[in-house]
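Quick note, the sequences are listed as chains S and R, same order.
Position in the first sequence counted from 1, then plus 28, gives you the working numbering.
Position in the second sequence counted from 1, then plus 16, gives you the working numbering.
Notes follow the structure.
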Amino acid sequence: MKFPILAMLASSPAHGYELKRELEQHFGAALPPLNTGQIYTALGRLERDGFVVAEGVAQDNRPNKRVYRLTDDGRAALEDWVAQPTPATRLRDEFFMKLVLAGRGGIADPRALIERQRGEYLQSLRDLDRLQAGANGDPAQSLLIEGAALHLEADLKWLSLCEERLLTAEVSP
Amino acid sequence: MKHVLVTTGLEKTYDSDGVPVAALRGVDLAVAEGEFVSVMGPSGCGKSTLLHLLGGLDRPSQGEVHLDGRRVDQLSEAAWAILRRRQVGFVFQFFNLIANLTVADNVELPGLLAGQSPREARGRRRELLADLGIEEVAGSVPSRISGGQQQRVALARALVNHPAVLLADEPTGNLDTQSTREVLELLRGHHERGQTIVLVTHDARVASAADRVIHMRDGLISEETRLSGERDPAALASQLVRLEV
């Protein structure tokens, strides 16, 4: 939550509720449900670390509104975050563990594991298509769904490769 | 449950310069009425051979094929020609439309051949082209329309006689992403209205539209997955496409 908030504050100061609303506008249904409490908790930490400062703004008949502004340290931290390349998505290493160890120890038939895993991926592809139909053109969610589907297609190809190399050739890694 | 297509012990051996090559080595498959089955597998696994045997484009070396309760693997070519007109719809990767006929004539022809009156054939053609969103190209010849449109015409042609089963061999293999999605959407729509479909594809995303995905390997069915439309969308969204904050 830290960096998205800093990024929101880079263009103009804002109060907690505005930040929540803006995040929701950008990411739509792709965002997990947010509550304002989470935002204020994160803002409190950022304030403590010197990345944002808060100013009270007087309101009629209501307690002062706290408006948050990015500090120079905050901007530097944000720029650093944005400049770092994001590591590639992790492979399904847990399945790979199961596959190699189950085969080696005679715990389960690796072919059956691959079949079950392929079934799981196919079902997930089907699920994504249903989600896409329900996304109603929400651009952020729609793109994320496409991304997830492309990853699954790669997972399926990789599964076939495991099958070829580990099972057909009878070679242990 | 009624089965539209049933195969038992289906085998096919080709002769390759005097060497017998087994393309199918005993396939048992039962497709229920209204079911959508995808067949996947690496090149040479026998999936296209299977589809050809189901549609009578080739004859098995061993085993039986039953279509709508009737044994059909021993029928003559003439009997198959009639059966294909009335009970089997085919869609191929390369559309196979008749190049010098208009879209309208391509779609009406199988209806006329199956004994529909010109008026009936025209009515059915109008209905299908409207349903598939290609009315505006009715007067064009196939070479003047896009690949995606050609495949939709091929789909209309395949469906014109209300076939008991639609057989599709890599129907999206030659289409871009957008056209693939459209053709898939149409297949799904017809499946929802009760059309039985057997589809061969190497595209997992296309395959996953089916009720059941069959995997073939070395001429045999090696695995089978039943897919469900029942998983809770909210839970799925959080598992598959949620950003972390």
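Even for Gly, the Cβ is constructed at its ideal location relative to N, Cα and C.
What's the C-alpha gap between residue i and residue j?
{"i": "glycine 72 of chain R", "j": "valine 43 of chain R", "result": "16 Å"}
{"i": "lysine 93 of chain S", "j": "leucine 34 of chain S", "result": "19 Å"}
{"i": "glycine 210 of chain R", "j": "leucine 203 of chain R", "result": "11 Å"}
{"i": "leucine 45 of chain R", "j": "aspartate 74 of chain R", "result": "17 Å"}
{"i": "alanine 182 of chain S", "j": "aspartate 121 of chain S", "result": "14 Å"}
{"i": "threonine 193 of chain R", "j": "proline 158 of chain R", "result": "20 Å"}
{"i": "aspartate 108 of chain S", "j": "proline 115 of chain S", "result": "15 Å"}
{"i": "histidine 43 of chain S", "j": "leucine 71 of chain S", "result": "10 Å"}
{"i": "glutamine 66 of chain S", "j": "leucine 119 of chain S", "result": "30 Å"}
{"i": "arginine 146 of chain S", "j": "leucine 129 of chain S", "result": "18 Å"}
{"i": "arginine 100 of chain R", "j": "leucine 148 of chain R", "result": "22 Å"}
{"i": "proline 187 of chain R", "j": "serine 224 of chain R", "result": "14 Å"}
{"i": "arginine 233 of chain R", "j": "leucine 106 of chain S", "result": "52 Å"}
{"i": "lysine 48 of chain S", "j": "arginine 193 of chain S", "result": "49 Å"}
{"i": "glutamine 255 of chain R", "j": "alanine 38 of chain S", "result": "31 Å"}
{"i": "alanine 48 of chain R", "j": "tryptophan 96 of chain R", "result": "21 Å"}
{"i": "leucine 182 of chain R", "j": "proline 167 of chain S", "result": "35 Å"}
{"i": "glycine 88 of chain S", "j": "glycine 162 of chain S", "result": "According to the sequence shown, residue 88 of chain S is aspartate rather than glycine. Distance between the alpha carbons of aspartate 88 of chain S and glycine 162 of chain S: 42 Å."}
{"i": "glutamate 80 of chain R", "j": "valine 22 of chain R", "result": "8 Å"}
{"i": "lysine 18 of chain R", "j": "histidine 68 of chain R", "result": "22 Å"}
{"i": "valine 199 of chain S", "j": "leucine 236 of chain R", "result": "With a pLDDT of only 42 at valine 199 of chain S, under the threshold of 50, the placement of this residue in the model should not be trusted; the figure read from the coordinates follows. Going from the Cα of valine 199 of chain S to the Cα of leucine 236 of chain R covers about 23 Å."}
{"i": "glycine 62 of chain R", "j": "phenylalanine 123 of chain S", "result": "29 Å"}
{"i": "asparagine 164 of chain S", "j": "aspartate 157 of chain S", "result": "12 Å"}
{"i": "phenylalanine 108 of chain R", "j": "proline 134 of chain R", "result": "26 Å"}
{"i": "leucine 259 of chain R", "j": "leucine 150 of chain S", "result": "22 Å"}
With DSSP run on the structure shown, which of helix, strand or coil describes residue i?
{"i": "histidine 231 of chain R", "result": "strand"}
{"i": "lysine 28 of chain R", "result": "strand"}
{"i": "alanine 38 of chain R", "result": "strand"}
{"i": "glycine 127 of chain R", "result": "helix"}
{"i": "isoleucine 67 of chain S", "result": "helix"}
{"i": "glutamate 198 of chain S", "result": "Summary for glutamate 198 of chain S: the model assigns pLDDT 49, below 50, so the residue's position carries little reliability; its value from the coordinates is reported in the next sentence. Coil."}
{"i": "valine 216 of chain R", "result": "strand"}
{"i": "arginine 209 of chain R", "result": "coil"}
{"i": "valine 257 of chain R", "result": "coil"}
{"i": "phenylalanine 110 of chain R", "result": "coil"}
{"i": "proline 61 of chain S", "result": "coil"}
{"i": "methionine 203 of chain S", "result": "Summary: the structure shown does not reach residue 203 of chain S, with chain S confined to residues 29 through 201, and so no result is reported for it."}
{"i": "proline 167 of chain S", "result": "helix"}
Tell me, which residues are paired with residue i by DSSP?
{"i": "tyrosine 96 of chain S", "result": "S/Ala42, S/Ala82"}
{"i": "glutamine 87 of chain S", "result": "S/Arg90"}
{"i": "leucine 150 of chain S", "result": "Leucine 150 of chain S is not bridged to any residue."}
{"i": "isoleucine 5 of chain R", "result": "Any question about residue 5 of chain R goes unanswered here, given that chain R covers just 17 to 261."}
{"i": "histidine 19 of chain R", "result": "R/Ala48"}
{"i": "arginine 242 of chain R", "result": "R/Arg228"}
Pull up the CB-CB distance for residue i and residue j, whole angstroms please, since I reckon it's below 8 Å.
{"i": "asparagine 190 of chain R", "j": "glycine 163 of chain R", "result": "6 Å"}
{"i": "glutamate 51 of chain R", "j": "arginine 228 of chain R", "result": "7 Å"}
{"i": "asparagine 122 of chain R", "j": "arginine 173 of chain R", "result": "6 Å"}
{"i": "valine 222 of chain R", "j": "leucine 252 of chain R", "result": "Not quite, the Cβ-Cβ distance comes to about 20 Å (not below 8 Å), so this is no contact."}
{"i": "isoleucine 161 of chain R", "j": "valine 53 of chain R", "result": "Not a contact, Cβ separation roughly 30 Å."}
{"i": "glutamate 50 of chain S", "j": "leucine 59 of chain S", "result": "No, glutamate 50 of chain S and leucine 59 of chain S are not in contact; Cβ-Cβ is about 11 Å, not under 8 Å."}
{"i": "glutamate 143 of chain S", "j": "glutamate 239 of chain R", "result": "4 Å"}
Is any heavy atom in the ligand NAP found nearer than 7 Å to the beta carbon of residue i?
{"i": "arginine 132 of chain S", "result": "For the ligand NAP, the structure offers nothing, since it holds no ligand at all."}
Item to check | Completely contained alpha helix (DSSP H) runs for the region 34 to 104 of chain R, where each covers 4 or more residues | outcome: 63 to 70, 93 to 102
Checklist entry - Fully enclosed by the region 115 to 198 of chain R, which alpha helix (DSSP H) runs are 4 residues long or longer? => result 119 to 129, 134 to 147, 163 to 175
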